[in-house]
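For reference, the structure discussed in these notes is given below.
In this note's numbering, the protein residues as written are 826 to 1126.
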């Protein structure tokens, strides 16, 4: 038995050796293959990692060298105050809807006897100013969050105002409350400034259509501030409601769930209002109610 086993092992040995050599060669080949290039986008780095102390200096020294080697690239994203800004599709839809509403139903009443082309141009300008002022609304949140020491990683504009993405959750109900009110206060300030511009334009005997645009911007920002205080997420009023429940119960998770449920009820109410407006033939009210309701529903946590 032993004698028969010896030759068997000697015959298997060369084959086993060749197989092992092949495996080693394959391993060496895989090892020699060039590594995949990793592209680092500095815009994706959280601000809290690169804006303070040694991290800021290290990043400032590192990124130019990486760009020279083709490993890093400059971010092409739009930024406000150094924070990436994104625009929700509802904002784009709202721009067209606001232009049509202002040009067709609002400006002809405020400044009659102008041409259709003038109303369209003025309506587009008013829509851009109103929807653009939502960036100021979000800037109000940003200022309060920064004062509270909360890192902001992203700003997003939508039809109902926008959203502020924080790199860290508020540590208290009070911080949540203050950050939530920053946006409506900014919209109220914008409304006051636009109203002052309207009064000045009237005093200077400017074209009534131009003065009407300023009045539209003032009223629209007032509506944005009031609407955003409705108690339901993702609106600012929903965050206020969450902060109040959190403070009363000490349970942040439960507070968030209740504020989110309130937001869904609010969205359902707006969609029901859209159906009623459509049945009564009010196309503008139906479109606005449905757009706002769907935007809340899409962004409700």
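Every residue gets a Cβ at the ideal spot worked out from N, C-alpha and C, and that includes glycine.
Check                                                                                                                                                                               : Outcome
What is the residue span of the alpha helix (DSSP H) that residue 959 lies within?                                                                                                  : 959-972
With H, G and I counted as helix, E and B as strand and the rest as coil, what does DSSP make of residue 910?                                                                       : strand
Leaving aside the five residues before and after residue 971 along the sequence, list all residues of the same chain whose C-beta is less than 8 Å from its C-beta, in chain order. : 977
Do the CB positions of residue 917 and residue 1117 come within less than 8 Å of each other?                                                                                        : no
Return the CA-CA distance between residue 923 and residue 996, expressed in angstroms with no decimal places.                                                                       : 38 Å
Count Cβ pairs between the stretch 957-972 and the stretch 926-945 that sit closer than 8 Å; are there 3 or more?                                                                   : no
Looking at C-alpha atoms only, which residue of 1021, 1072 and 932 is the closest neighbour of residue 998?                                                                         : 1072
Could you give the residue range of the alpha helix (DSSP H) that holds residue 935?                                                                                                : 932-935
Looking at the strands, I want to know which residues DSSP matches up with residue 988.                                                                                             : 981
Use the C-beta contact count for residue 940: other C-beta atoms within 10 angstroms, 16 or more gives buried, fewer gives exposed.                                                 : exposed
Mapping the DSSP letters down to three states, classify residue 1031 as helix, strand or coil.                                                                                      : coil
Measure the CB-CB distance between residue 1036 and residue 1026 and report whether it falls below 8 Å.                                                                             : yes
Using 10 angstroms around the beta-carbon of residue 881, count the other beta-carbons present and answer buried if the total reaches 16, otherwise exposed.                        : Its pLDDT being 49, under 50, residue 881 is placed unreliably in this model, and the coordinates cannot settle the point.
My output table needs one value for residue 1075: the three-state DSSP class, helix, strand or coil.                                                                                : coil
So, is residue 914 buried or exposed, given that buried needs 16 or more other C-beta atoms within 10 angstroms?                                                                    : exposed
So for residue 1082, helix, strand or coil by DSSP?                                                                                                                                 : helix
Please name the residue, chosen from 1052, 948 and 1086, that lies closest to residue 1040 on a Cα-to-Cα basis.                                                                     : 948
From residue 1100 to residue 1030, what distance separates their C-alpha atoms?                                                                                                     : 43 Å
I think residue 1095 touches residue 1070, with their Cβ atoms under 8 Å apart; what is that distance to the nearest whole Å?                                                       : Going by Cβ atoms, the distance from residue 1095 to residue 1070 rounds to 22 Å, so no, they are not a contact pair.
Go to residue 1120, then tell me how far its alpha helix (DSSP H) extends in each direction, as first and last residue.                                                             : 1108-1124
Taking the Cβ atom as the reference point for each residue, do residue 973 and residue 1059 lie within a distance shorter than 8 Å?                                                 : no
If you measure between the beta carbons of residue 990 and residue 979, is that distance less than 8 Å?                                                                             : yes
So, for residue 1115: in the same chain, excluding its five sequence neighbours on each side, which residues have a beta-carbon less than 7 Å away from its beta-carbon?            : 1096 and 1099
Under the assumption that residue 1080 contacts residue 1005 (Cβ atoms under 8 Å), give the Cβ distance between them as a whole number of angstroms.                                : About 12 Å; that fails the 8 Å criterion.
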